[in-house]
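Just so we're aligned: 1142 in the numbering used here is position 458 of the first sequence, and the numbers increase by one with no gaps anywhere. The C-beta atom is built at its ideal place from N, Cα and C for all residues, glycine as well. Keep in mind the model is a prediction, meaning the values are calculated, not measured. Working notes, beginning with the structure itself.
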Amino acid sequence: MTVRTRIAPSPTGDPHVGTAYMALFNAVYARSQGGQFILRIEDTDAARSTAESEQMILDSLRWLNIEWDEGPDCGGPHGPYRQSARKHIYQEHALKLIEDQHAFYCFCSPERLDQMREAQRAAGENPRYDGLCMHLSESELRSRLNAGEPHVVRMKVPEHGECQFHDELRGEIEIPWSQVDMQVLLKNDGFPTYHLAVVVDDHLMEISHILRGEEWINSTPKHVLLYEYFGWQAPVFCHLPLLRNPDKSKLSKRKHPTSINYYRQIGILPEALINYLGMMGWSMPDEQEIFSPAQMAERFELKGIHLGGPVFDLEKLSWLNGQYLRGMDPEEFMDRIVEWGLNRDNLRRLVPLIQQRTEKFSDLVGQVDYLVGARPVLSAEDFADTGLEHEVQVQIVDHLSRELDALRDWQRDELFEICRSLAEWHQLKIRDYLKPLFVALSGRAVSLPLFDSMVFLGPDLTRMRLREALAVLGVSKKQAKRLEKQHREFRASLGSPQ
RNA sequence: GUCCCCUUCGUCUAGAGGCCUAGGACUCCAGGUUUUCAUCCUGGCAACAGGGGUUCGACUCCCCUAGGGGACGCCA
């Protein structure tokens, strides 16, 4: 059997290190077995998927030197490799399931589903569709369908017993069917959900091994069931551990930089990052720590994966990066510096900010230091000149930080609008409001324009600096609770609670 | 709340019943090299979650408890 693996990122945001992590293990495993590795774009969430995000993901994976044999950019015998271009395939398959009585039309409104789930939760049950639409009469079904009533397609799930499946690393896993929801397969907008699309595509693309995050274990019964309904051979399932924040929770942008762009921007080398990811949950048989994906593939074994969720440690990554950097000859070192940051693309973003403020080139470094390099380490005194009380400073940094965690569209105007409404909420003039933020981002009271700086730094770096500033200012547990409440009040005042 | 997964130094990990006085790496500390700093070198601190079994023997196998994590969407 030819081993075929895949990575199936969803283009809904910044390229995530978790994606690179899964891509690495899938690519390495395929290579170690002489198989193929496929890249597929899962853009079935029409509301959140963007072309820019897809582009960034491809760029990031290429930057990391991960190569795929088939994909949306290079094509292949099982295309198209973008799910939005495969809509009709899923619809046909959903129809087949309905014909075979494995799925049914559901007309329930989101409101009814919310109420139902709330009631179930209150009763201590696992929220699950109650099957209301499963028993519609043929005539009612026809008339509602003909009337064009909004509907979805749901899969049927056995009432009793449990689903048993094999995980390559964890052995037999049993999950009661009572825990498995009658999953929506086809959404109201005609797009499939992940569960339908992933099964159909993995089968059609002849994927033999699914290496994915352990967050999927609980939905594997749905997939196993679908393979059964379609009469297909299920692939080998292998759930890998999840990358963790320092507090052991699943890696999230709220607590840790997750964007590959971030690492690229702070000057982590692609070979160091990918090497580092390779030692998350796996190690070379001889415990050698410096290795490439190619070397990894030579010695790789699935069974060698350690299941405890590895904490992403920035310090060890930095050390590893230093090993690579110091091992270069000076010529390469120079090339890599230019490649990293001192290139025209980067300067093009910088020049509009600095040209009018510059008299001598020797002024330059002092202006852009915090954008190109690390911000000076902050101390509490740095915030003293803002003329604001400590409590207010903390509020400003905290609330903005929370807003930015949720922000999708990282644009200058968006950022300004958020700060404007926050300043208003704090009843401060915008210039006073921004003072602690200048310090937080640049380490100085005066720097290049704030919103341009935020755009240049990007989401992860900006969030990171705000988090660090908050730590320097010092927030007690009690205060943290109060801040959270205040921020909720701010959200409520906007009339858009979240 | 329900279900599922996991558990070796602070962190990444080695360890497939005796090789374990539990090894390596990062961090930290001490010393050395270096006009400073960094690099580099040497040394040190530091862990088998707890309790029961199984066994001549358990970090390794089984059970329970505890702790951590994940899932529970017309998101993936």
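Point to revise | Where residue 860 falls: helix, strand or coil (DSSP) | key: It is a strand residue.
Exercise for review: Please classify residue 767: is it buried, with 16 or more other beta-carbons within 10 angstroms of its beta-carbon, or exposed?
Suggested key: Sixteen is the threshold: when 16 or more other Cβ atoms of the shown chains lie within 10 Å of the Cβ of residue 767, as they do, the residue is buried.
Point to revise | Every unbroken beta strand (DSSP E) within the stretch 735-800, with a cutoff of 3 residues, ordered by chain | key: With a minimum length of 3 residues, the continuous beta strand (DSSP E) runs that stay inside the stretch 735-800 are 787-790.
Check your understanding: beta strand (DSSP E) containing residue 689: first to last residue?
Key -> Unbroken beta strand (DSSP E) run through residue 689: 688-691.
**Study point:** Under the three-state DSSP convention, the category residue 1160 falls into
**Key:** The DSSP-derived three-state label of residue 1160 is coil.
Review point. Can you pull the DSSP bridge partners for residue 848?
Key: Per the DSSP secondary-structure output, residue 848 pairs in a beta bridge with 858.
**Study point:** Coarse secondary structure for residue 1181, derived from DSSP in three states
**Key:** Note that residue 1181 has pLDDT 41, beneath the 50 cutoff, so the model's placement of it is unreliable and no number is given.
Practice item. Over the uninterrupted alpha helix (DSSP H) stretch that includes residue 1022, give me the two end residues. Key: Per DSSP, residue 1022 belongs to the alpha helix (DSSP H) from 1014-1024.
Exercise for review: Taking only the alpha-carbon atoms, compute the straight-line gap between residue 1181 and residue 1172 and give it to the nearest angstrom.
Suggested key: In this prediction, residue 1181 scores a pLDDT of 41, lower than 50, which makes its location untrustworthy; the coordinate-derived value is nonetheless stated afterwards. Those two C-alpha atoms are separated by around 7 Å.
Check your understanding: Touch check for the stretch 822-840 and the stretch 895-904: three-plus C-beta pairs under 8 Å?
Key -> Too few Cβ pairs lie closer than 8 Å, so no.
Point to revise | Nearest candidate by alpha-carbon position, reference residue 1103, set 747, 904, 1081 | key: Looking at the Cα atoms, 1081 is the closest of the given residues.
Point to revise | Sub-8 Å separation of residue 873 and residue 730 beta-carbons | key: For residue 873 and residue 730, yes; Cβs fall inside 8 Å.
Review point. What are the residues that DSSP puts in a beta bridge with residue 893?
Key: Residue 893 has 920 as its beta-bridge partners, per DSSP.
Check your understanding: By how many angstroms is the C-alpha of residue 1058 removed from the C-alpha of residue 1010?
Key -> Roughly 19 Å separates the two Cα atoms.
Point to revise | Given 8 Å, three or more beta-carbon pairs between the stretch 1030-1048 and the stretch 981-988 | key: When Cβ pairs closer than 8 Å are counted between the two stretches, the stretch 1030-1048 is seen not to touch the stretch 981-988, the count staying below three.
Practice item. Please report the Cβ distance between residue 742 and residue 707, rounded to the nearest whole angstrom; I am assuming they are in contact, meaning their Cβ atoms lie under 8 Å. Key: Contact between residue 742 and residue 707 is ruled out by a C-beta separation of about 11 Å, above the 8 Å threshold.
Review point. Within 10 angstroms of its Cβ, does residue 1042 collect 16 or more other Cβ (buried), or is it exposed?
Key: That one is exposed.
Check your understanding: For the alpha helix (DSSP H) that contains residue 721, what are its first and last residues?
Key -> No alpha helix (DSSP H) holds residue 721; the beta strand (DSSP E) holding it covers 720-723.
Practice item. Go through the stretch 962-1012 residue by residue and report every complete run of the alpha helix (DSSP H) that reaches 4 residues or more, in order. Key: At a cut-off of 4 residues, the continuous stretches assigned as alpha helix (DSSP H) that sit fully inside the stretch 962-1012 are 977-983, 998-1010.
Practice item. Would you kindly report the start and end of the unbroken beta strand (DSSP E) that includes residue 838? Key: Element bounds for residue 838: 836-839.
Review point. Along the chain, where does the alpha helix (DSSP H) that runs through residue 1031 open and close?
Key: That run of the alpha helix (DSSP H) goes 1028-1038.
Check your understanding: Going by the beta-carbon positions, is the gap between residue 1076 and residue 1157 smaller than 8 Å?
Key -> With respect to the 8 Å criterion, residue 1076 and residue 1157 are not classified as neighbours on the basis of their beta carbons.
Check your understanding: Near residue 936, which residues of its chain fall below 8 Å by C-beta distance, leaving aside the five closest residues on each side in sequence?
Key -> The residues are 929, 942.
Check your understanding: By Cβ distance below 6 Å, which residues in the same chain neighbour residue 956 in space, the five residues on each side in sequence not counted?
Key -> The residues are 1004, 1005, 1008.
Check your understanding: Beta carbon of residue 691, beta carbon of residue 703: below 8 Å?
Key -> Against a cut-off of 8 Å, the Cβ pair of residue 703 and residue 691 comes out as a contact.
Point to revise | Simplified DSSP state of residue 1171, which is helix, strand or coil | key: Residue 1171 falls in the helix class under three-state DSSP.
Review point. Which term fits residue 1151, buried or exposed, when burial requires 16 or more other beta carbons within 10 angstroms of its beta carbon?
Key: By the beta-carbon neighbour count (other beta carbons within 10 angstroms, threshold 16), residue 1151 is buried.
Point to revise | Residues near residue 1085 in its chain [Cβ-Cβ closer than 6 Å; skip 5 each side] | key: Closer than 6 Å at Cβ, skipping near neighbours: 1150.
Review point. Can residue 989 and residue 966 be called in contact, C-beta distance under 8 Å?
Key: Yes; because the gap between Cβ atoms is below 8 Å, this pair is in contact.
Point to revise | Buried versus exposed, by CB contacts within 10 Å (16 or more), residue 827 | key: Exposed, by the Cβ-count rule.
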